[in-house]
Amino acid sequence: MKIADIKVFVACPARNFVTVKIITEDGTIGWGDATLNGREMAVVAYLKEHIVPCLIGKDAHQIEDIWQYLYKGAYWRRGPVTMAAIGAIDIALWDIKGKVAGLPVYQLLGGKSRSKIKVYAHANGESIDDTLNNLEKLIEQGFKAVRLQCALPNSKGTYGTLGKKKDYYELQSNRPLPPEHAWNTTKYLNFIPKLFKAAREKYGMEIELLHDVHSRLTPIEAARLGKELEPYQLLFLEDPVTAENQAGYECIRQHTTTPLAVGEVFNTIWDSMDLISRQWIDYIRVAATHGGGITPLRKLADFAALYHVRIAPHGAPDLSPICHAAQAHLNIWANNFGIQEFVGFGNETLNQVFKHPLSYKDGYVFLEDKPGLGVDYDEILASNYKYKRSYLPVTRLEDGTLWDW
Ligand code: KDG
Ligand code: MG
């Protein structure tokens with residue numbers, strides 16, 4: 175079944191997304207997500223200039239061979255642009271294979287390990303009270319696990335909020351240049367345990383709580399934070415330090431029993447090889463899009479299972495519903511699934527452009543049984559929402575030093 179055409183769409187229904195459509199000779203369509211937040215057009219160019227011409231006429235069923243051809247065959251391996259492009263192609267090919275087989279993708283992976291997907295939501299706030307009010311609303315919606323992020327007192331625009339506008343930084347597509355945020359590690363380390371203490375005092379120990387450090391600490395600082403958070407029993411502490419130097423996690427691990435999660439910026443299994451095989455982490459968060467698709471994520475899940483590491487795929491709103499659907503199939507299948515980050519598909523425009531098989535109820539996401547991924551993309555409607563260049567914020571210390579995101 176030959177690939178007849180591949181189209182690449184970039185549109186901004188609520189925020190920027192890059193979407194790939196593969197069409198086979200018999201008219202079967204597969205959809206893939208190639209969105210790389212803040213660097214979208216680099217992936218578009220990589221796909222159009224360097225991938226699409228090589229795939230026309232290839233057999234769409236040869237998913238493994240096509241993946242190896244794009245990964246090994248390029249000579250230049252890894253990297254977020256390359257892997258998001260390969261990821262979109264791979265996701266779309268699994269969609270096609272499922273449609274041809276008349277089966278949901280999770281059936282092709284090995285069938286269901288569970289009937290529903292446990293998710294965590296985000297409670298972001300300007301202050302502890304504000305964050306806890308948002309936590310309460312999520313508990314009322316049935317969430318069993320919530321990530322708490324709170325702006326530091328007297329420090330503008332850190333952690334999930336953009337000051338008084340209550341603008342949620344992970345959702346926006348209207349920052350034509352990167353805004354700059356201030357960071358102060360001392361204030362942060364003194365403040366975050368107070369947030370979790372207040373949450374536990376008010377809501378008890380049953381609700382699972384999480385926190386994302388966004389890699390802003392050194393290993394020994396993260397070790398201290400992990401220790402101080404132990405009484406509040408987090409489900410996991412995410413990205414305590416950057417992971418280029420994986421041994422940073424060994425240092426944290428030696429000091430704390432707070433579970434650790436990492437991986438949303440990883441692109442290959444190699445990025446987490448030491449972290450997993452040395453059991454320095456508990457959850458691996460690689461996304462289907464950024465990790466090169468369903469093919470490598472299946473291998474990563476099996477590798478992680480050998481070391482008691484569970485998958486908890488990245489689920490920020492800058493991954494499209496196509497990536498979320500691909501991850502739902504992996505999550506339903508993998509025995510070592512942990513939890514899925516989920517901030518909803520509340521935006522009406524987004525839901526009109528992307529039809530998806532996911533629904534939320536009482537702390538879980540449900541995946542409708544449909545052949546392939548179960549997604550559809552309205553390319554005509556999407557063409558009304560033009561791409562807008564937009565960046566994530568950058569972070570600087572109060573003296574101006576550029577800091578980790
Ligand atoms: O594009 C960057 C976002 O995806 C990131 O800020 C989200 O850290 C994130 C998370 O855990 O969802
Ligand atoms: Mg994160």
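Per this note's numbering, the very first residue in the sequence shown carries number 175; after that it's consecutive. Using N, Cα and C, we set each Cβ at its ideal position, and we do this for glycine too. As the structure is a computational prediction, the values presented were derived from the model and not from experiment.
Asked	Found
Does ligand 3 have even one heavy atom less than 7 Å from the beta-carbon of residue 413?	This structure does not include ligand 3; its bound ligands are ligand 1 and ligand 2.
Within 10 angstroms of the Cβ of residue 249, are there 16 or more other Cβ atoms? Answer buried if so, exposed if not.	exposed
Spell out a yes or no on whether the region 182 to 192 and the region 235 to 244 are touching, meaning 3 or more CB-CB pairs, one atom from each, closer than 8 Å.	no
Here's a check: name, in chain order, each residue in its chain whose Cβ is nearer than 8 Å to the Cβ of residue 390, leaving out the five neighbours to either side.	357, 359, 362, 569, 577, 578 and 579
For residue 568, which residues does DSSP report across the bridge?	354
If you check the beta carbons only, do residue 446 and residue 481 fall under 8 Å apart?	no
For a test of your reading of the model: does the CB of residue 388 fall under 7 Å from any non-hydrogen atom of ligand 2? Yes or no.	yes
Take residue 258 and list the residues in its own chain whose beta-carbon comes closer than 6 Å to its own, dropping the five residues that flank it on each side.	208, 210, 217, 463 and 464
Using the three-state DSSP reduction, which class does residue 224 fall into: helix, strand or coil?	helix
Can you look up residue 316 in the DSSP assignment and give me helix, strand or coil?	coil
Give the C-beta separation of residue 484 and residue 478 to the nearest angstrom, bearing in mind that I take them to be a contact with Cβ-Cβ under 8 Å.	7 Å
The beta strand (DSSP E) with residue 205 in it runs from where to where?	203 to 207
For residue 387 versus residue 537, is the C-beta spacing smaller than 8 Å?	no
Would you call the region 321 to 330 in contact with the region 522 to 542, where contact means no fewer than 3 C-beta pairs closer than 8 Å?	no
Going by beta carbon distance, what residues of the same chain come within less than 8 Å of residue 474, once the five residues before and after it are set aside?	443, 446, 458, 460, 465 and 485
Quick one: residues in its chain with C-beta nearer than 7 Å to the C-beta of residue 235, no 5 flanking neighbours on either side, listed in chain order?	175 and 271
Where does residue 515 land, buried or exposed, given buried means 16+ other C-beta within 10 angstroms?	buried
If you count every other CB in all the chains shown that lies within 10 Å of the CB of residue 354, and 16 or more means buried, which is it?	exposed
Per DSSP, residue 324 is paired with what?	299
What residue does the beta strand (DSSP E) around residue 513 start on, and which one ends it?	Run containing residue 513: none; DSSP gives neither H nor E here.
Under 8 Å, do residue 399 and residue 366 count as touching if we go by C-beta distance?	yes
Helix, strand or coil for residue 213 per DSSP?	coil
For residue 556, which option in 488, 531 and 527 has the closest C-alpha, if you only look at C-alpha atoms?	527
Where DSSP assigns a beta bridge to residue 577, which residues make up the other side?	569
Assuming residue 279 is part of the alpha helix (DSSP H), what are its boundary residues?	279 to 283
For the beta strand (DSSP E) holding residue 184, just list the boundary residues, first then last.	177 to 185
Does the beta-carbon of residue 182 have 16 or more other beta-carbons within 10 angstroms, so that it is buried, or is it exposed?	buried
Look at the Cβ atom of residue 530, then the Cβ atom of residue 495, and state whether they are nearer than 8 Å.	yes
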